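Numbering (my numbering), first residue to last: 490 to 676. Let me begin by presenting the structure, written as structure tokens, before commenting on it.
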Amino acid sequence: AVMMLFCLASCSAQSGDESDIPLGFVLAENEGSDYSFYYPQEWILDRSDAGMTSVYVSDLDFSNITITAFTADTRYTENLILYLEEYYCKQLEGNLKDFKAETAADDKLVYQTMTIDGCPALAFNYTASVYDVKEEKNISYGYRIWLIRYGAYIYHVQYCAKNAEENNLFQTHYDQAETIATGIQFH
Numbered sequence: 490a491v492m493m494l495f496c497l498a499s500c501s502a503q504s505g506d507e508s509d510i511p512l513g514f515v516l517a518e519n520e521g522s523d524y525s526f527y528y529p530q531e532w533i534l535d536r537s538d539a540g541m542t543s544v545y546v547s548d549l550d551f552s553n554i555t556i557t558a559f560t561a562d563t564r565y566t567e568n569l570i571l572y573l574e575e576y577y578c579k580q581l582e583g584n585l586k587d588f589k590a591e592t593a594a595d596d597k598l599v600y601q602t603m604t605i606d607g608c609p610a611l612a613f614n615y616t617a618s619v620y621d622v623k624e625e626k627n628i629s630y631g632y633r634i635w636l637i638r639y640g641a642y643i644y645h646v647q648y649c650a651k652n653a654e655e656n657n658l659f660q661t662h663y664d665q666a667e668t669i670a671t672g673i674q675f676h
């Protein structure tokens with residue numbers, strides 16, 4: 490269940506220690522939430538509903554990052570790999586057309602373990618097709634997901650962008666997305 494209300498506002502560099510702010514990024518924060526993050530100043534802070542915050546590139550390029558907080562069974566919050574393999578990927582397989590997680594030669598899921606702001610985290614990539622009503626065809630998208638355990642919540646940080654051969658926006662914005670996700674700070 491989604492459990493938090495986020496009403497983020499864009500702030501100037503004066504809000505924090507300027508040495509912590511990536512060049513060209515601005516701060517999104519709210520005293521009522523338990524995290525803040527930096528996003529590129531040219532991106533648009535899209536929405537802040539109960540438990541979800543999004544930023545996207547532009548009105549012509551909807552490459553985006555979405556941050557959502559979920560509660561989960563204790564066995565999953567204590568083991569993000571178990572959550573990824575037993576629950577999350579199965580949900581994606583059941584809901585996305587052409588879902589394909591990045592796997593190794595032995596078909597095992599490829600993921601990276603890390604910490605984000607001192608919290609256990611992991612990241613993995615996948616692709617899926619989404620029907621584009623405007624273009625009247627399925628479009629391939631690339632995704633990178635960071636799962637972060639903070640307290641009793643699992644935060645899903647999802648980067649999504651078109652993955653087309655002729656215009657691979659996924660690669661174009663990948664470094665910015667990585668900076669956003671790995672720079673999340675919990676309060």
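We put the CB at the ideal spot given by N, CA and C, even for glycine. All figures in this text were calculated on a predicted structure; none of them were measured in a lab.
Next on the checklist: My output table needs one value for L497: the three-state DSSP class, helix, strand or coil.
Outcome noted: Residue confidence for L497 is low, a pLDDT of 37 falling below 50, so the modelled location carries little weight; the figure read from the coordinates is stated next. Of the three classes helix, strand and coil, the one that applies to L497 here is coil, per DSSP.
Checklist entry - Is the beta carbon of A666 less than 8 Å from the beta carbon of Y648? => result yes
Item to check | Span of the beta strand (DSSP E), counted from its first residue to its last, around Y644 | outcome: Y642 to K651
Checklist entry - Do the CB positions of A617 and Y600 come within less than 8 Å of each other? => result no
Item to check | Run of the alpha helix (DSSP H) containing F659, from where it starts to where it stops | outcome: L658 to T661
Next on the checklist: To the nearest angstrom, how far is the alpha carbon of L658 from that of I605?
Outcome noted: 25 Å
Item to check | Residues that R638 bridges to, as DSSP identifies them | outcome: I643
Item to check | Burial state of L569 (16 or more Cβ within 10 Å) | outcome: buried
Item to check | Backbone secondary structure at E574 - three-state DSSP | outcome: helix
Checklist entry - So Y528 is in the alpha helix (DSSP H); what residue range does that whole segment cover? => result From DSSP, Y528 is part of no alpha helix (DSSP H) but of the beta strand (DSSP E) over Y524 to P529.
Next on the checklist: Since V515 and Q530 should fall inside the 8 Å C-beta cutoff, what is the C-beta to C-beta distance between them, to a whole number of angstroms?
Outcome noted: 5 Å
Checklist entry - Where does A666 sit, in a helix, a strand or coil, going by DSSP? => result helix
Next on the checklist: Is it buried or exposed, L512, if we count other Cβ atoms within 10 angstroms and call 16 or more buried?
Outcome noted: exposed
Next on the checklist: Please classify A490 as buried or exposed, where buried requires at least 16 other C-beta atoms within 10 Å of its C-beta.
Outcome noted: For A490, the predicted model reports a pLDDT of 33, less than 50, meaning its position is unreliable and no value from the coordinates is stated.
Checklist entry - Taking DSSP as the reference, what is the three-state secondary structure of D548? => result coil
Checklist entry - Considering only the beta carbon of each residue, do Y572 and G672 sit closer than 8 Å? => result no
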